[in-house]
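**Q** Numbering (UniProt numbering) for the sequence shown: 1 to 602.
First the structure, which I've put down as structure tokens, then a few questions once you've had a look.
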Amino acid sequence: MEAIEKDILRGGQFLVKETKCEDVFTPEDFSEEQKMMKEAVMEFNDREIIAHKDRFEAKDYALTEEVMRKAGELGFLGVAVPEAYGGLGMGFVSTCLTCDYISSGTGSFSTAFGAHTGIGTMPITLYGTEEQKQKYVPKLATGEWFGAYCLTEPGAGSDANSGKTTAELTEDGKAYKINGQKMWISNAGFCSLMIVFARIEDDKNITGFIVEYDPENPNGIVLGEEEHKLGIRASSTRQVFFNDTVVPVENMLAGRGEGFKIAMNALNVGRIKLAAACLDSQRRILTTAVNYANERKQFKTPIADFGAIKMKLAKMAADAYAGESATYRAAKNIEDRIAIREAAGNSHQEAELKGVEEYAIECSILKVAVSEDVQNCADEGIQIFGGMGFSEETPMEAAWRDARIARIYEGTNEINRMLSVGMLVKKAMKGHVDLLGPAKAVQEELMGIPSFDTPDYSELFSEEKEMVAKLKKVFLMVAGAAVQKFGPEMEKHQQLLIAAADILIEIYMAESAILRTEKNAKRYGEDAQSVQIAMSKLYLYNAVNTVEDKGKESIISFAEGDEQRMMLMGLKRYTKYQNYPDIVDLRNEIAERVKAENKYCF
1 MEAIEKDILR GGQFLVKETK CEDVFTPEDF SEEQKMMKEA VMEFNDREII AHKDRFEAKD
61 YALTEEVMRK AGELGFLGVA VPEAYGGLGM GFVSTCLTCD YISSGTGSFS TAFGAHTGIG
121 TMPITLYGTE EQKQKYVPKL ATGEWFGAYC LTEPGAGSDA NSGKTTAELT EDGKAYKING
181 QKMWISNAGF CSLMIVFARI EDDKNITGFI VEYDPENPNG IVLGEEEHKL GIRASSTRQV
241 FFNDTVVPVE NMLAGRGEGF KIAMNALNVG RIKLAAACLD SQRRILTTAV NYANERKQFK
301 TPIADFGAIK MKLAKMAADA YAGESATYRA AKNIEDRIAI REAAGNSHQE AELKGVEEYA
361 IECSILKVAV SEDVQNCADE GIQIFGGMGF SEETPMEAAW RDARIARIYE GTNEINRMLS
421 VGMLVKKAMK GHVDLLGPAK AVQEELMGIP SFDTPDYSEL FSEEKEMVAK LKKVFLMVAG
481 AAVQKFGPEM EKHQQLLIAA ADILIEIYMA ESAILRTEKN AKRYGEDAQS VQIAMSKLYL
541 YNAVNTVEDK GKESIISFAE GDEQRMMLMG LKRYTKYQNY PDIVDLRNEI AERVKAENKY
601 CF
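The following block contains the structure:
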């Protein structure tokens, strides 16, 4: 297996080790099987979801359930489930691909699909006993049953471990009685099984349970009314109340007090899948926007010919391209890590758990970046449509409303920003990622005299790759100094963590776009990739501006005097191009291609 051959980077190591373009997986590397899967999913999305968009917008919950059943019959709910439990047993890349192309019809279905296949099923495949998996997973994989995930409570949102729901052992020791209230539960209205988190006695951490739900025999479970939401209108979202709900002891998931760990690891999978779920939405929004811009005339000219519109189309395309590049890069890393662990004798369960956990930093980065890009994309889509964009008659306002939830669920983007840097620092403490060595090297470099040689940048992306390497130095300089100054107290300085996270995110996204394009330019020739080259350069230019801004904000907030001056000089040095790209030219080239093809075409 090729995964074993190449030395694959551990999670977070992208920051301190160079990645060769040959070592990244790109959407152009899909296998024949994956391409067939993509076609099948796209066809399903067009036929079953997009064709009934107005019904989803009119809160047709029954339709969501019906389409979920059809997805189950076609095997789409069981892509990630091992064949032993009735699934297709496909790899992690195929899981993300299915999620990507099935999610763009409406956020209502996307949410139901994601909640069921991710956090509704995964906790059992990852943590369940053999008996639990045999009993429940085949029903979930085929869509005979649907799953829901009950973690959030009125008083426990981002602080998930502070839930008040209790689980009390019965006198005969054969069951637990669950009491409490959960809210914002996706799929609550049509699920047959819930993953419920509750606290036993005064345990420090919550515990997970598999709870069956049958409306005919509710077992103390009462559902609240459907919530009226800004977007994802036909996804069933309700409160769930537990009143002495009896759950047999064998339905505890993993061990007592391990619920918080389950919740966090299930969310890692959910995060990268949420990023994937935002990708085809961006492609579709851009396609819809450019269709309109090509047809709509003002001042006797199609508005797509105006620079103000080209600027929007170019950024929408570049962001979508970077999002695809980074998501599939990480998905393949996870798949390879799972394969390596299985080859070393780990069970599939253990391999998958550790494989995803290894890339938790990348999962958080992707969740933040792609959820914000899809929102911006929909926002610009409305703007291109002008007044029509604000009308329910065109699809833009629904796309915008549906996109909004992506920044909130699976851990808010604020939490994920802090997590990505926090996890990186923890990995450094454990010795999994050497941050200290490179951070010291950057400090020494700042004290030394900079080189004034003019480098040879004749090779494709040679300057861009050097820029990415310099942006990594900005992160090491800023985060290194902050960790030195605050140590373990660092997590109390949330604004600094968020600024550092923004630098980290831009590095990963920009590098992923550049490596994908470099790999394909070597494969298909630079001419065939000219627009992809332009998108990678445009994305990097915007990333450099963000890094400069966030770097400065951090430095002037925690350093002073000589240290501040030196770091600001370093920041200037590390964010300066030798040859600045012609940004207007890049945007025009991208927009012209999108215009000519009348769609997102990369």
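Yeah, the Cβ is synthetic: ideal placement off N, Cα and C, and Gly gets one too.
Check ALA3 in the structure and name its three-state DSSP category.
**A** Its pLDDT being 44, under 50, ALA3 is placed unreliably in this model, and the coordinates cannot settle the point.
**Q** Is the CB-CB distance between MET68 and ALA112 below 8 Å?
**A** yes
**Q** For the structure I just gave you, are there three or more beta carbon pairs, one from the segment 575-594 and one from the segment 464-476, closer than 8 Å?
**A** yes
**Q** Check for me: the beta strand (DSSP E) holding ASN243 runs from which residue to which?
**A** 237-248
**Q** Report yes if the CB atom of SER536 is closer than 8 Å to the CB atom of ILE514, and no otherwise.
**A** yes
**Q** Write down every uninterrupted run of the alpha helix (DSSP H) in the segment 369-436 whose length is 4 residues or greater and which is fully enclosed by it, in chain order.
**A** 396-404, 413-430
**Q** Using beta-carbon positions only, say whether SER236 and GLY189 come within less than 8 Å of one another.
**A** Less than 8 Å divides the Cβ of SER236 from the Cβ of GLY189.
**Q** By DSSP, does CYS150 sit in helix, in strand, or in coil?
**A** strand
**Q** Alpha carbon to alpha carbon, how far is GLU491 from GLU393?
**A** 46 Å
**Q** Round the Cβ separation of residue 609 and TYR508 to the nearest angstrom and send it over; I've been treating them as touching at under 8 Å.
**A** Examination of residue 609 is not possible in this model, given that the chain is present from 1 through 602 alone.
**Q** Jot down the residue ranges of each uninterrupted beta strand (DSSP E) in the segment 190-221, minimum 3 residues, whole runs only, in chain order.
**A** The qualifying runs are 193-200, 207-212.
**Q** If I measure Cβ to Cβ from ALA304 and keep anything under 7 Å in the same chain, skipping five residues before and after, which residues do I get?
**A** VAL290, ALA293, ASN294, LYS595
**Q** Could you give the C-beta distance for ALA115 and ASN187, rounded to a whole number, given that I count them as a contact under 8 Å?
**A** 5 Å
**Q** Between the Cα of THR117 and the Cα atoms of GLY105, LEU88, VAL442, which residue gives the shortest distance?
**A** LEU88
**Q** So, is VAL137 buried or exposed, given that buried needs 16 or more other C-beta atoms within 10 angstroms?
**A** buried
**Q** When you compare the CB positions of ALA167 and LEU77, do they come within less than 8 Å of one another, or not?
**A** no
**Q** What would DSSP say about LYS519, mapped onto helix, strand or coil?
**A** helix
**Q** In whole angstroms, what is the alpha-carbon distance linking GLY387 and GLU397?
**A** 11 Å
**Q** Which residues bound the beta strand (DSSP E) around LEU169?
**A** 166-169
**Q** THR170 to ASP244, Cα distance in whole Å?
**A** Distance between the alpha carbons of THR170 and ASP244 is about 10 Å.
**Q** Do the segment 270-284 and the segment 86-100 make contact, defined as three or more Cβ pairs closer than 8 Å?
**A** yes
**Q** In its own chain, which residues sit with a C-beta less than 7 Å from the C-beta of GLY355, not counting the 5 before and 5 after it?
**A** ILE334, ARG337, ILE338, ARG341
**Q** Can you tell which of TYR213, ILE195, ASP214 has the C-alpha that lies nearest to the C-alpha of ILE206?
**A** ILE195
**Q** Using the three-state DSSP reduction, which class does LYS59 fall into: helix, strand or coil?
**A** coil
**Q** Is the separation between the beta-carbon of LYS440 and that of GLY12 shorter than 8 Å?
**A** no
**Q** With a Cβ-Cβ cutoff of 8 Å, do ALA175 and VAL222 count as a contact?
**A** no
**Q** Could you tell me whether the Cβ atoms of MET566 and LEU446 are closer together than 8 Å?
**A** Using a Cβ distance threshold of 8 Å, MET566 and LEU446 count as a contacting pair.
**Q** Does the Cβ-Cβ distance between GLY208 and GLU258 come in under 8 Å?
**A** yes
**Q** THR125 to GLU518, Cα distance in whole Å?
**A** Counting only the Cα atoms, GLU518 lies some 37 Å from THR125.
**Q** Tell me whether the beta-carbon of residue 607 lies closer than 8 Å to the beta-carbon of SER512.
**A** Any question about residue 607 goes unanswered here, given that the chain covers just 1 to 602.
**Q** Secondary structure at ILE272, three-state DSSP: helix, strand or coil?
**A** helix
**Q** Let's test the definition: count the other Cβ atoms within 10 Å of the Cβ of LYS522 and tell me whether it reaches 16, buried, or not, exposed.
**A** exposed
**Q** Can you say whether VAL478 is buried or exposed, counting buried as having 16 or more other CB atoms within 10 angstroms of its CB?
**A** buried
**Q** Between LYS454 and PRO581, what straight-line distance do the alpha-carbon atoms span, to the nearest angstrom?
**A** Before going on, a small fix: residue 454 reads as Thr here, not Lys. Taking the straight line from one Cα to the other gives about 17 Å.
**Q** Given a threshold of 16 other Cβ atoms within 10 Å of its Cβ, counted over all protein chains shown, does PRO488 qualify as buried or as exposed?
**A** exposed
**Q** According to DSSP, what are the bridge partners of PRO123?
**A** In the DSSP output, where bridge partners are listed per residue, PRO123 has none listed.
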